[in-house]
Amino acid sequence: DARILIPPQEKIERRLVTDRTVAAIEAPLDYDPARDQVLAAYYLELDPPSMDDQTDDWSRVQRALRRAHGIERIAADLGILRTLGRTLRAAAWQVTAIVERGGWDDPDAAPRLVDVLPGRQTERLLGAAIDIGTTSNVVYLVDLLSGKVVAEAVDYNGQITRGEDVISRIIYAGKNDGLGELQSLVMQTLNRLLERAAQRVRAQTGDIYRATVAGNSTMIHLFLGLPPDSIRLAPFITAANQPPPVRAGVLGLAISPQATVDCLPGVASYVGSDITAGVVSTGLDEEDKLTLFLDVGTNGETVVGTREWLLTCACSAGPAFEGAGVEHGMRATTGAIEEVWVHSETHEPTWRVIGNQPPRGLCGSGLIALLAELFITGV
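Going by the working numbering, the sequence shown opens with residue 129, and the numbers climb by one from there.
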């Protein structure tokens, strides 16, 4: 029998910070739910059918939306119609309709009925913002009516057991059913996080009616089940920089099956939608002064420019901080120095170690903190 020894620093330990406050993330001051997102919750009181009014259930809902809220036309998928009649009758014809207006791909499309809920449920409307990193995944739950982040959950990307970097995963995806396996692993991770975040606000994952996803180009391909082979081979072309919206039920993402899942647009094989999200959220694309944006993760990307132009490039950053090329570099797990302070007069160093254990090395944040302290104190 084969015996495999794994160095302690290479073991994957769940040491991600999972209780970060969501207060650090805020909606723009002028957030307007009617303008800045495409979902709405409409309360309806329908006239029950009778021998004098034998209108079918679907037409009855359309009529109520038209009369009460001015929605002249609306579409619905078969999945909605399969449960519509029972919901209407169980709720005594008093329901809440979750409606989605036309999205970026077809702004003139007819509004679409996403769900019908019993009673009045208009006080909250949940969406999910998902960051698929090569190493870690983060899910934020957002109340789309207020724009506030109400819950957060984070964990390691389950794909990490099949390769720590994007090249390893692209190669693995090309083996037998490797692509399906990698998609399943990231979906399992995200579904756990969605469940965890929903529990924190006493909601069900089925109460989430929209998801927006960001990640590097390889992670987005694996999330959607798109073959990523051409990303690593010249001339380095993606299957799609801006994938079309897809229903959550098609992907197996554990939110409302009729919910739309939008992947933010990427730029190229080496600059994905995570960088697009960073540029937009920091306002770099509206800056008059020359500005630099850095995203240092397993992959490292830089964007420099102004509102007139933007220039970007990418490299592999994780190995530089997690062992490769650094004598005492290691992953951010137990025993890693994550923070360093240097006394301004005595130059005596102090440090903080993950897990309050004896130090075994420095992780990326520890290395950056050390360099900053050495620079500030003039050592």
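Glycine included, C-beta positions come from ideal geometry on N, C-alpha and C.
Given the structure is predicted, the values throughout are model-derived calculations rather than measurements.
For Asp-390 against Thr-340, the beta-carbon gap comes to about 5 angstroms, under 8 angstroms, which counts as contact. Ser-312 places its beta carbon 8 angstroms or farther from that of Asn-285. Between the alpha carbons of Pro-487 and Asp-164 lies a distance of about 47 angstroms. Counting the other CB atoms within 10 Å of its CB gives Ala-203 a total below 16, which places it among the exposed residues. Between Ala-382 and Thr-430, the alpha-carbon positions lie close to 33 angstroms from each other. Taking the Cα of Glu-173 as reference, the smallest distance to any Cα among Pro-161, Arg-240, Pro-246 is reached at Pro-246. As the crow flies, the alpha-carbon of Leu-318 is around 12 angstroms from that of Glu-280. With respect to Met-315, Ile-260 sits apart: the two C-beta atoms are not nearer than 8 angstroms. Met-179 counts as exposed, since fewer than 16 other C-beta atoms from the protein chains shown sit within 10 angstroms of its C-beta.
Counting along the chain, Gln-165 sits inside no alpha helix (DSSP H), nor does DSSP assign it H or E at all. Glu-309 and Thr-505 have their C-alpha atoms some 49 angstroms from each other. Distance from the CA of Glu-228 to the CA of Arg-459, rounded to the nearest whole angstrom, comes to 43 angstroms. With respect to Gly-457, Ala-445 sits apart: the two C-beta atoms are not nearer than 8 angstroms. One thing to note: Ser-401 has its Cβ within 8 angstroms of the Cβ of Ala-342.
In this structure, Val-399 and Thr-440 form a Cβ contact; the two beta carbons are roughly 5 angstroms apart against a cut-off of 8 angstroms. DSSP links Trp-232 through a beta bridge to no other residue.
As the crow flies, the alpha-carbon of Ala-326 is around 27 angstroms from that of Gly-213. Val-294 carries a helical assignment under DSSP once its states are collapsed to helix, strand and coil. Shown here for His-475: same chain residues with a beta carbon closer than 7 angstroms to its own, the five before and five after excluded, namely Thr-505, Val-507 in chain order. Straight through space, the alpha carbons of Val-424 and Val-481 are spaced by roughly 21 angstroms. One Cα belongs to Thr-262, the other to Ser-296, and the distance between them is close to 11 angstroms. When secondary structure is reduced to three states using DSSP, Gln-222 falls in the strand class. Residue nearest to Arg-240 within the set Ile-208, Trp-221, Phe-351 is Ile-208 (criterion: CA-CA distance).
Glu-455 is positioned such that its CB atom lies no closer than 8 angstroms to that of Gly-494. In the DSSP secondary-structure assignment, Glu-280 is bridged to Tyr-268. Straight-line measurement puts the Cα of Asp-271 at about 16 angstroms from the Cα of Tyr-170.
The criterion of a C-beta distance shorter than 8 angstroms is not satisfied by Asp-205 and Pro-372. The beta-carbon distance between Ala-367 and His-349, rounded to whole angstroms, is 6 angstroms. This is short enough to meet the 8 angstroms contact definition.
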